[in-house]
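See below for the structure under consideration.
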Amino acid sequence: MTQIDSPSVYRADEAGFFGEFGGAALPPFLAAPIAEVAAAYAEASQDPGYLEELQALLAKYVGRPSLLYFAENLTRRLGGAKVYLKREDLNHTGAHKINHCLGEALLAKRMGKTKLIAETGAGQHGVALATAAALLGLECEIHMGAIDVAKQHPNVVRMELLGAKVVSVDAGGRSLKEAVDSAFGVYAAAPEEYFFAIGSVVGPHPYPSMVRDFQSVVGREARAQILEAEGRLPDALVACVGGGSNAMGLFDAFLPDEDVRIIGVEPAGEGLDTDRHAATMTLGVPGMIHGMQTKVLLGSDGEPAPVHSIGSGIDYPGVGPQHAHLEQIGRAEYVTVTDAEALDAFQLLTRAEGIIPALESSHALAHVAKLAPTLPSDAVIIANLSGRGDKDVDFVADRLRSGAPATV
Ligand SMILES: *Cc1c(COP(=O)(O)O)cnc(C)c1O
C-alpha cells in the first residue's frame, strides 16, 4: 500500500490540523495514550512490512480490488453522464468499513495491545471491528447505547457471534454519545491493554488522517480503473458523508486532479427546515466535538444536536475535519439529499441494475440522479457504493407498504 504523495495542503500538520480544522483536544487522561497511537501510526505507515501485511489482507480477505462497474442501465435511465459505481458493497462484510478496521487491528497488534474497543451507533462499525478482531485473534469490546442495542438487535447478535463483548450503556440518553463516553472511560483506565478503534475520519489526531489513509485504497483503485476503462479521469466524484470515511477514501487519490469535481452528499433527512436532518457541512458551525475542531450541528442548548437520517450510518452531528477544510479551500462541495430522495434512489438502482444499495450509499446515488442528466453523454461520474442494502430491506419494505412515495 503506497501512500499518495499529495501536496501538503491535503495533509494534516504535525498537530493534526487541516487549516483551522482538526487537532487533538483531549482531557489529560487521554492525551498520552492517543499520542502513543499517533507515534505508532507514524512509524507503521513508513514500514513496508506493515503496509504489505495490510495489503495482503485487503487482497486475500476483503477481496480487493473492488470492481469499478459501469452502470449502463442506470446511465440510460438517467440520460447524460456515464455513471460508474465503486463497488465497496462487494467487500467481505458488505461495506467499506472493513478497510480501516483491518488497518486499526493490525496497528493494535503491532503496539502489543490485546483488546480492541470502540463505540457503535447502528452497529456497522462494531460488526466490522468484531470481524477484524476474530480474524487477527484480538479481543473486542463494543459499547452501545441501550436504545441502540434494542433497535439494532441483528448487529448485536452478529457482534456476539463473532466473539465480541457488547456493553449496553444505560447512562443519560442511552445513545451514541453515552457509548462514546463509556468506551473512552474503559480505555483510559487500561490503555496498555486496549486500542481505541474509531470508525470514521473523525476524532482526535491521528484518526482523521489514519482512517483516511486506510480508506484511500478505494480512490487509488478507482483512479487506475477509470483510466483503464475510459482513458481519462472522471468529471465528478460523488460519495455520501456521515463522518466522511468512504468519501475521503474515494476522494484522496483525486485531490491533486483539480479538474475532477468532488461532491460530498449529506442527509437532509425530513428537510433542512426541520430539526430532523444531519446536514453538518451545510448547516453546521465551527465547533468542537469528539476531540476535534470541525463543523458541528448544535442544538439550542449549545450541545451537539440530536440528528436524523434514514441512513443510520450517516446521522452524526459532526464531520471529519478534512471535509470542513476541503470545503473552505474550495476543493470540494457538499450537497444534501432527503430521506425520500434516498429511498427513491434505493429503488432506482435495485430495479435498474439488480444491485441493492445501503440507504447511506443511496444518498450518493440520489445526487447522481440529479447530476447525470445535466452533463453531456461523454462525461463520467464515479459514485462510491459504500455498502450493500441487505441490512435495510425490511425497513424499506415497511416504509413502502406504509405509503412512502415510490416515484421511480
Ligand atoms: C458507516 C457507513 C457510512 C458512513 O460512514 P462514513 O464514515 O461517512 O463513510 C456510509 N455507508 C455505509 C454503508 C456505512 O456502513
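Residue numbers (UniProt numbering): 1 to 408. Every residue, glycine too, gets a C-beta built ideally from N, C-alpha and C. All figures in this text were calculated on a predicted structure; none of them were measured in a lab.
Run the proximity test for residue i: is its beta-carbon closer than 8 angstroms to any non-hydrogen atom belonging to ligand 1?
{"i": "Glu-360", "result": "yes"}
{"i": "Ile-314", "result": "yes"}
{"i": "Gly-185", "result": "no"}
{"i": "residue 449", "result": "In this structure the chain extends from 1 to 408, so residue 449 is not present and cannot be described."}
{"i": "His-125", "result": "yes"}
{"i": "Asn-99", "result": "no"}
{"i": "Asn-246", "result": "yes"}
{"i": "Gly-243", "result": "yes"}
{"i": "Ala-25", "result": "no"}
{"i": "Ser-200", "result": "yes"}
{"i": "Gly-311", "result": "yes"}
{"i": "Ala-134", "result": "no"}
{"i": "Ala-188", "result": "no"}
{"i": "Ala-95", "result": "yes"}
{"i": "Cys-240", "result": "yes"}
Rounding to the nearest angstrom, what Cα-Cα distance links residue i and residue j in this structure?
{"i": "Ser-402", "j": "Asp-344", "result": "15 angstroms"}
{"i": "Glu-360", "j": "Gly-79", "result": "24 angstroms"}
{"i": "Gly-287", "j": "Glu-20", "result": "11 angstroms"}
{"i": "Gly-123", "j": "Val-166", "result": "10 angstroms"}
{"i": "His-363", "j": "Asn-155", "result": "22 angstroms"}
{"i": "Thr-350", "j": "Pro-28", "result": "49 angstroms"}
{"i": "Leu-227", "j": "Pro-65", "result": "15 angstroms"}
{"i": "Cys-140", "j": "Ala-372", "result": "43 angstroms"}
{"i": "Gly-249", "j": "Cys-101", "result": "14 angstroms"}
{"i": "Asp-339", "j": "Leu-400", "result": "13 angstroms"}
{"i": "Ile-289", "j": "Asn-73", "result": "42 angstroms"}
{"i": "Ala-130", "j": "Met-159", "result": "6 angstroms"}
{"i": "Ala-305", "j": "Pro-357", "result": "28 angstroms"}
{"i": "Pro-206", "j": "Met-292", "result": "10 angstroms"}
{"i": "Asp-257", "j": "Glu-193", "result": "42 angstroms"}
{"i": "Tyr-50", "j": "Arg-110", "result": "9 angstroms"}
{"i": "Val-393", "j": "Gln-347", "result": "11 angstroms"}
{"i": "Glu-221", "j": "Ala-25", "result": "34 angstroms"}
{"i": "Gly-318", "j": "Ser-8", "result": "24 angstroms"}
{"i": "Ala-31", "j": "Pro-208", "result": "16 angstroms"}
{"i": "residue 410", "j": "Pro-204", "result": "Because the chain here runs from 1 to 408, residue 410 falls outside it and cannot be looked at."}
{"i": "Val-217", "j": "Leu-375", "result": "28 angstroms"}
{"i": "His-92", "j": "Phe-214", "result": "16 angstroms"}
{"i": "residue 409", "j": "Tyr-10", "result": "Outside the shown range of the chain (1 to 408) lies residue 409, about which nothing can therefore be said."}
{"i": "Leu-385", "j": "His-367", "result": "13 angstroms"}
{"i": "Ala-397", "j": "Glu-52", "result": "43 angstroms"}
DSSP three-state label for residue i, please.
{"i": "Glu-139", "result": "strand"}
{"i": "Asn-91", "result": "coil"}
{"i": "Met-111", "result": "coil"}
{"i": "Ile-117", "result": "strand"}
{"i": "Ser-168", "result": "strand"}
{"i": "Val-9", "result": "helix"}
{"i": "Ala-128", "result": "helix"}
{"i": "Ile-262", "result": "strand"}
{"i": "Leu-233", "result": "coil"}
{"i": "Gly-23", "result": "coil"}
{"i": "Thr-2", "result": "Confidence in Thr-2 is poor, its pLDDT being 48 and thus under 50, which makes the residue's placement unreliable; the coordinate value appears in the next sentence. Three-state DSSP puts Thr-2 in coil, outside helix and strand."}
{"i": "Pro-317", "result": "coil"}
{"i": "Gly-311", "result": "coil"}
{"i": "Gly-403", "result": "coil"}
{"i": "Gly-123", "result": "coil"}
{"i": "Val-408", "result": "Bear in mind that a pLDDT of 45 at Val-408, under 50, signals an unreliable position, so the model cannot answer this."}
{"i": "Gly-203", "result": "coil"}
{"i": "Gly-145", "result": "strand"}
{"i": "Asp-275", "result": "coil"}
{"i": "Ala-247", "result": "helix"}
{"i": "Arg-76", "result": "helix"}
Spell out the partners DSSP gives residue i in its beta bridges.
{"i": "Pro-286", "result": "Lys-295"}
{"i": "Tyr-50", "result": "DSSP, once it has assigned bridges, lists no residue as partnering Tyr-50."}
{"i": "Pro-267", "result": "Val-337"}
{"i": "Arg-388", "result": "Pro-357"}
{"i": "Leu-68", "result": "Lys-86"}
{"i": "Ile-381", "result": "Val-83, Ala-236"}
{"i": "Pro-304", "result": "Leu-298"}
{"i": "Leu-194", "result": "First, the residue type needs correcting, since residue 194 is Tyr and not Leu in the sequence shown. Lys-115."}
{"i": "Phe-214", "result": "DSSP lists no partner for Phe-214."}
{"i": "Phe-18", "result": "Phe-21"}
Between residue i and chain C, is any beta-carbon pair separated by less than 9 angstroms?
{"i": "Arg-76", "result": "As a matter of chain content, chain C is missing from the structure shown, which is built from one protein chain."}
### Sufficient close CB pairs (3 or more, under 8 angstroms) joining the region 224 to 244 to the region 294 to 307
no
### Query
Is it true that the region 370 to 383 meets the region 138 to 158, where meeting means three or more beta-carbon pairs spaced less than 8 angstroms apart?
no
### Task
Could you say if the region 263 to 274 and the region 215 to 233 meet the contact criterion of at least three C-beta pairs nearer than 8 angstroms?
no
#### Entry: Cβ pair count under 8 angstroms reaching 3, the region 105 to 124 against the region 320 to 336
no
### Query
Between the region 3 to 17 and the region 75 to 92, do three or more beta carbon pairs fall short of 8 angstroms?
no
### Query
Looking at C-beta atoms only, is the number of pairs between the region 268 to 275 and the region 184 to 201 that lie closer than 8 angstroms three or more?
no
### Task
Take every Cβ of the region 134 to 141, pair it with every Cβ of the region 96 to 114, and state whether three or more of those distances are shorter than 8 angstroms.
Because the criterion of three Cβ pairs below 8 angstroms is met, the region 134 to 141 and the region 96 to 114 touch.
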